[in-house]
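To start, the structure under review is shown below, and the notes come after it.
In this note's numbering, the protein residues as written are 87 to 374.
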């Protein structure tokens, strides 16, 4: 008898352990997916941070250059003021000669064709980098490149597409959740209302996406995001009307059934009264 109880206890324990392990596996998989999503988002933000840091370094360099030029201008202005005060022609001639020499040296060190070649090389690198990002976001390059005209525009576009990549992850995640809610036949009305809110949120995210992608469409598969949302909304409206029609039919049938029952009961009572009245009449005639 003791062995039997021990065997029963072991079976129960193993069943509980297997159920617990099944639940733990599902939770573990869900957590892994969340970690992957978080890691992907962090990677995107880190790239954005690196890009912004690079821009900041360039800005600091520009500020240092501006500061240096400002100091030179202040020094030159002071010299000019001193020359004007003394009005000595030899100093004026020396200042002009110094300025001409400096300009000529600058031109020799950095002629226009070198600057042009450097800009073209940098633009080519930026365009290649931009093409990679457009491919990652499924954006048609032919609809995007016609607006580029300088290096600064290219740099800004690369930063904007990095932001658009983060927005894209949010849109895809929200659309996946909404799609699951809309396909759930047993979903309650409150859950479906959440699906409507998700639709509004996705549309807002899409408007932000367009700001950073120059109005590029957002594709899921080969379909436009907004078209898919409209189809989901139409299907939801049809389901709602169908459910309302079913409820109305059930309510009408129930009301008719109650009415028929009430009429039957009334006829039964009337018949009972008539029978009772006839019985009394027969009794009275029999007595007389």
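Virtual Cβ for every residue (Gly too), placed ideally from N, Cα, C. All figures in this text were calculated on a predicted structure; none of them were measured in a lab.
- Counting only the Cα atoms, residue 250 lies some 28 Å from residue 320.
- Going by beta carbons, residue 240 and residue 280 fall outside the 8 Å limit.
- Taking all protein chains shown into account, residue 318 has 16 or more neighbouring C-beta atoms within 10 Å of its C-beta and is therefore buried.
- About 6 Å separates the CB atoms of residue 288 and residue 261; that is less than 8 Å, so the two are in contact.
- Taking 8 Å as the upper bound for CB-CB distance, residue 299 and residue 255 are not in contact here, some 14 Å apart.
- DSSP places residue 305 within a strand segment (E or B) once states are collapsed to three.
- Membership of residue 249 in the alpha helix (DSSP H) is indicated by the continuous run 237-269.
- Here residue 238 is exposed: its Cβ has fewer than 16 other Cβ atoms, across all protein chains shown, within 10 Å.
- Classified as exposed, residue 259 has fewer than 16 neighbouring CB atoms from the shown chains inside 10 Å of its CB.
- Within the same chain, and ignoring the five residues on either side of residue 303 in sequence, the residues whose Cβ sits closer than 7 Å to its Cβ are 310.
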